[in-house]
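Counted from 1, the first sequence has number 241 at position 239 by the working numbering; the numbering is strictly sequential. Idealized CB from N, CA, C, for every residue including glycine. Source: prediction; values computed, not measured. Below is one structure, written out as structure tokens; the observations come after it.
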Amino acid sequence: MLQPCIFLMGPTASGKTDLALFLSEQLPCELISVDSALVYRGMDIGTAKPSADILTRFPHHLVDIRDPSEAYSAAQFCSDAHALIQKIHAAGRIPLFVGGTGLYFRSLQQGLSDLPSANPEVRAELAAEAAALGWEQMHQKLAKIDPIAAQRIHPNDPQRIQRALEVHAISGMNMSEWFEQSQASAWQYPTIKIIISPAEREVLHSRIATRFHAMLEQGFIEEVQGLYARADLNLSLPSMRAVGYRQVYLYLAGELPFSQLAEQGIIATRQLAKRQLTWLRAEKEAEWFDSQQADLAANVLKYLVHNPILSATLALNPTESSHTANNNLKNRNTENHHE
RNA sequence: GGCUGAGUGGCAGAGUGGUUAUGCAGCGGCCUGCAAAGCCGUGUACAUCGGUUCGAUUCCGUUCUUAGCCU
3 MLQPCIFLMG PTASGKTDLA LFLSEQLPCE LISVDSALVY RGMDIGTAKP
53 SADILTRFPH HLVDIRDPSE AYSAAQFCSD AHALIQKIHA AGRIPLFVGG
103 TGLYFRSLQQ GLSDLPSANP EVRAELAAEA AALGWEQMHQ KLAKIDPIAA
153 QRIHPNDPQR IQRALEVHAI SGMNMSEWFE QSQASAWQYP TIKIIISPAE
203 REVLHSRIAT RFHAMLEQGF IEEVQGLYAR ADLNLSLPSM RAVGYRQVYL
253 YLAGELPFSQ LAEQGIIATR QLAKRQLTWL RAEKEAEWFD SQQADLAANV
303 LKYLVHNPIL SATLALNPTE SSHTANNNLK NRNTENHHE
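The structure is reproduced here in structure tokens:
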């Protein structure tokens, strides 16, 4: 019988982190971050990363595991996550996945087909070719190599055209053939999925704006200055394209006036949150909680503790789980948690 | 008070006697090794009232608003 997992999902600025910290105090959990930006060391303010002090007291897996010059990926995330699940389950504890990266959650649940991984040299070649021919031409090439993929991929979508061509260039087999041959192994663990988000979009927008201004006051620009100064970092890297970092980077490069920095950063964050919500709406069998409700933490904990998926595991950990949790419920009723 | 100009969708900004401007924002969606990425879709809006006309956002006049100039 497989042991359980918990997913805590939500858009940026919804208060996931505080809730996760609380839950990890109350339940025999280990925190695993599901966030494509928190993986980067030295990117702290703009990613709203928990402080060093918090991370010491509440260890998070998959935070600060890459240099900003490196790339991470959904496939690496899946591999890392599965290794962690084994380890955590072996210790009799529950993996608590927290984050807002929709692709990572989906990859985990649906599995990824067996595909050749990214190859920087091949990508560089394809990029150079595209610069000469244009992406429409590249799409036409793809149509010859892999008609099925070409039909699915829009001619204006360079990222996906490049990946499909890359797969073929590396392996000699096209993407659609790979999909046919490999059956992605789906998620097996009994899982409770919690989604938190403000019920009102305006609330989310206002929290995003407030938080972005706070980041600027906390020295966000100085943080990016250090990264901007590095010769090995540029805007083509996923790290420097992260929301907020890209805008500050452009400002430092003199391509975005200071007067527009906050506005553009906030807009980018809003658009991120919107895309995240699109992923979240597609989640099946998830329990939604309004992040603005006064007793959010208590309600989520109550929901988890009473969920049959957890009962067996909690019964094995009576002293540090359900007993404590139920006691703490009484003290948490009026508290409101924010990220 | 007089003269001249301008009034276009949330914002910016073209244009036309009868066909969709466009960009940004917003909203919805897509998503298989860059995903906080990349991409797709989505608004007859033309200040007011009246006139001319088969037909006016576009022409004429009224009113209002506004910018500049004059007294």
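Backbone secondary structure at residue i - three-state DSSP
| i | result |
| --- | --- |
| serine 71 | coil |
| leucine 23 | helix |
| glutamate 287 | coil |
| serine 156 | It should be pointed out that residue 156 corresponds to histidine in this sequence rather than to serine. Looking at histidine 156 - three-state DSSP - the assignment turns out to be coil, as it is neither helix nor strand. |
| histidine 215 | helix |
| histidine 91 | helix |
| histidine 62 | strand |
| asparagine 301 | helix |
| threonine 14 | coil |
| valine 124 | helix |
| threonine 315 | helix |
| proline 310 | helix |
| leucine 237 | coil |
| aspartate 55 | helix |
| methionine 175 | coil |
| alanine 244 | coil |
| aspartate 82 | helix |
| glutamine 294 | coil |
| leucine 167 | helix |
| glutamine 190 | coil |
| leucine 206 | helix |
Start and end residues, alpha helix (DSSP H) containing residue i
| i | result |
| --- | --- |
| alanine 233 | Element bounds for alanine 233: n/a, residue is neither H nor E. |
| alanine 2 | A query on residue 2 cannot be resolved here, the shown segment of the chain reaching from 3 to 341 and no further. |
| glutamine 220 | Unbroken run through glutamine 220: none, as it is neither H nor E. |
| glycine 104 | 104-112 |
| glutamine 185 | No alpha helix (DSSP H) holds glutamine 185; DSSP gives it neither H nor E. |
| arginine 248 | 247-254 |
Extent of the continuous beta strand (DSSP E) to which residue i belongs
| i | result |
| --- | --- |
| alanine 264 | Per DSSP, alanine 264 belongs to no beta strand (DSSP E); it is in the alpha helix (DSSP H), 260-283. |
Identified DSSP bridge partners for residue i
| i | result |
| --- | --- |
| lysine 195 | Phe9 and Ala288 |
| leucine 98 | Ile8 and Leu33 |
| tyrosine 42 | Arg68 |
Supposed contact pair residue j and residue i - C-beta distance, whole angstroms, cut 8 Å
| i | j | result |
| --- | --- | --- |
| glycine 104 | tryptophan 281 | 3 Å |
| isoleucine 34 | leucine 57 | The Cβ separation is near 13 Å, so there is no contact. |
| isoleucine 47 | phenylalanine 222 | 5 Å |
| phenylalanine 181 | serine 109 | In fact, because the Cβ distance is near 14 Å, the residues do not count as touching under 8 Å. |
| phenylalanine 214 | alanine 264 | 6 Å |
| asparagine 301 | isoleucine 194 | Not a contact, Cβ separation roughly 14 Å. |
| valine 205 | glutamine 295 | About 12 Å separates the two Cβ atoms, so there is no contact after all. |
| leucine 128 | glutamine 164 | 5 Å |
| leucine 258 | glutamine 249 | 6 Å |
| proline 6 | isoleucine 196 | About 13 Å separates the two Cβ atoms, so there is no contact after all. |
| methionine 140 | alanine 133 | Going by Cβ atoms, the distance from methionine 140 to alanine 133 rounds to 10 Å, so no, they are not a contact pair. |
Sequence-distant residues of its chain with Cβ nearer than 8 Å to residue i (five each side left out)
| i | result |
| --- | --- |
| phenylalanine 107 | Phe9, Met11, Val36, Phe99, Gly101, Trp281 and Glu285 |
| alanine 50 | Thr14, Ala15, Thr19, Arg213, Met217 and Glu341 |
| isoleucine 210 | Thr14, Ala15, Ile268, Thr271, Arg272 and Ala275 |
| leucine 239 | Pro70, Ser71 and Ala73 |
Same chain, Cβ closer than 6 Å to residue i, five either side skipped, listed in chain order
| i | result |
| --- | --- |
| alanine 171 | Val124 |
| serine 38 | Thr103 |
| aspartate 66 | Arg43 |
| methionine 177 | Asp148, Ala151, Ala166 and Val169 |
| alanine 1 | Nothing about residue 1 can be read from this structure; the chain reaches only from 3 to 341. |
Cβ neighbours of residue i in the same chain (closer than 7 Å, five flanking residues each side left out)
| i | result |
| --- | --- |
| aspartate 82 | Leu64 |
| alanine 22 | Leu10, Leu33, Leu98 and Val100 |
| tyrosine 230 | Tyr251 and Leu254 |
| alanine 77 | Leu114 and Ser119 |
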